[in-house]
Amino acid sequence: AMAGLIVRDPSREMLTALSEASRHLKSIATRRPDDRQVALRQIAVDSRLARQFQAHRDPTRALEIYSGLAGRLGTWIEKEPGSRAPMELLSDIQYQSAAILREIGRPAESAEAYAAAMESLSLLTGDRPPSDDHAVRMGRIYADLGELFANTAPEAEQYQLFNEANRLLDSASDAVLEIRDQAMFELFYSSGLRLAELAALDVECVDDLLAGEVRVLGKRNKLRLVPVGLKAVSYTHLRAHETDSYLVCRL
């Protein structure tokens, strides 16, 4: 990640670094198949790598990685059926895959992936009302499905999808702002950023934040890498699920 500070296109450098890390972790995992920490790190790196391929408009590679991740997470869920973490990750991967499939003109497969993501979220929710985070993610799926079927489904079905999306998103609107504000506070407190530096952060910083660091342009246009506290990372992860137009402090 540090190498990204000295090149014109940090995201391209990040893509190269993550690809190398993924290859190394795959080799280590082959030699240490029962090492849980290696497996978790491999999942985290591959998830970020897939997002980088999405950003670089390479849907084929992104889908390939997401497919492999879904298989590994499915195995994890079978071994630990009560564990929520892999199901959370799986639902996000299914959603990202659905969005890619929709973008490249494969609507039937996209609908299946959206349905799989919804099923994963429903399993997490169980018989309880969905949490605010889950309500936002479910609302996004309903809205995306409404747009996906805009020219093919009957008008009544489209209305039902958008109506459900609005219901879920409205129910969580206050929590969305609360999570945003908490993410800003924790980031500001744990990193020692200046207020102007915090206000300048935008969507390009998300992957760095989730990895526990952030690049900021300070006084005299000096670029520096700042570590971020774990609590700030956890709120950033929640915030990243809420909207594709993720802005830490500009909504």
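For the sequence shown, the numbering used here gives the first residue as 24, with consecutive numbering after it. Each residue gets a CB set at the ideal place from its N, CA and C atoms; glycine is no exception.
Notebook entry, point to check: If we count the other Cβ atoms within 10 Å of its Cβ and call it buried at 16 or more, is Pro-109 buried or exposed?
Noted result: Along the sequence shown, read from residue 1 onward, the residue named residue 109 stands at position 86. With 16 or more other Cβ atoms within 10 Å, it is buried.
### CB-CB length for Gln-65 against Leu-48, believed under 8 Å
Position 42 of the sequence shown, counted from the start, is the residue given in the question as residue 65. Position 25 of the sequence shown, counted from the start, is the residue given in the question as residue 48. About 4 Å separates the two Cβ atoms, so the contact holds.
Fill in: Residue from Leu-63, Ile-116 and Arg-151 whose Cα sits closest to the Cα of Ala-140
Here residue 140 corresponds to residue number 117 of the sequence shown, with the count starting at 1. Per the Cα distances, Ile-116.
Residues near Ser-154 in its chain [Cβ-Cβ closer than 8 Å; skip 5 each side]
Working through the sequence shown from its first residue, we reach residue 154 at position 131. Around Ser-154: Thr-148.
Length-filtered (4 minimum) alpha helix (DSSP H) runs lying within the region 145-173: 155-171
message = Tell me which residues share the same chain as Glu-103 and place their Cβ nearer than 8 Å to its Cβ, disregarding the 5 neighbours each side in the sequence.
response = Here residue 103 is taken as the residue at index 80 of the sequence shown, counted from 1. The residues are Pro-109.
Starting from the N-terminal side, write out each stretch of the beta strand (DSSP E) that is 3 residues or longer and does not extend beyond the region 40-103.
none
Tell me where the alpha helix (DSSP H) around Ala-122 begins and ends. Looking up residue 122 in the sequence shown gives position 99. It spans 107-126 - the alpha helix (DSSP H) in which Ala-122 sits, taken as one unbroken run.
Q) Are the Cβ atoms of Arg-71 and Leu-41 separated by less than 8 Å? A) Position 48 of the sequence shown, counted from the first residue, corresponds to residue 71. Position 18 of the sequence shown, counted from the first residue, corresponds to residue 41. Yes. Within cutoff.
*Which residue comes first and which comes last in the alpha helix (DSSP H) that contains Leu-221?*
What you label residue 221 is simply residue 198 of the sequence shown in a count that begins at 1. That run of the alpha helix (DSSP H) goes 218-222.
Check: Short check: CB of Val-68 to CB of Ser-90, under 8 Å?
Finding: Position 45 of the sequence shown, counting from 1, holds the residue named residue 68. Position 67 of the sequence shown, counting from 1, holds the residue named residue 90. No, the Cβ-Cβ distance between Val-68 and Ser-90 is not below 8 Å.
Discussion item. Relative to the C-alpha of Trp-99, which candidate in Tyr-118, Arg-238, Asp-58 and Arg-151 has its C-alpha closest?
Written reply: Counted from its first residue, the sequence shown places residue 99 at position 76. Of the candidates Tyr-118, Arg-238, Asp-58 and Arg-151, the one whose C-alpha sits nearest the C-alpha of Trp-99 is Asp-58.
Contact check, Leu-92 vs Pro-130, beta carbons under 8 Å: The count along the sequence shown starts at 1 and reaches residue 92 at position 69. The count along the sequence shown starts at 1 and reaches residue 130 at position 107. No. Outside cutoff.
Practice problem: Could you tell me which of Gly-97, Leu-218, Ala-73 and Asn-189 sits nearest to Ala-122, measuring between CA atoms? | Solution: As a first step, residue 122 is located in the sequence shown; it is residue number 99 there, counting from the start. The option with the nearest alpha carbon to Ala-122 is Ala-73.
Tyr-165 and Leu-184 look like a contact to me (Cβ under 8 Å); what is the Cβ gap, rounded to whole Å?
Position 142 of the sequence shown holds residue 165. Position 161 of the sequence shown holds residue 184. Right, their Cβ atoms sit about 5 Å apart.
- Message: Taking only three categories from DSSP, how would you classify Arg-129?
- Response: To locate residue 129, count along the sequence shown from 1; it is residue 106. Of the three classes helix, strand and coil, the one that applies to Arg-129 here is coil, per DSSP.
TODO: Return the chain-ordered list of same chain residues with a C-beta closer than 8 Å to the C-beta of Gln-181, the five sequence neighbours on each side being excluded.
DONE: In the sequence shown, residue 181 corresponds to position 158, counting from 1. Hits under 8 Å: Gly-169, Phe-172 and Ala-173.
Discussion item. Buried or exposed, going by whether 16 or more other CB atoms sit within 10 Å of the CB of Gly-128?
Written reply: Looking up residue 128 in the sequence shown gives position 105. By the 10 Å Cβ count, Gly-128 comes out exposed.
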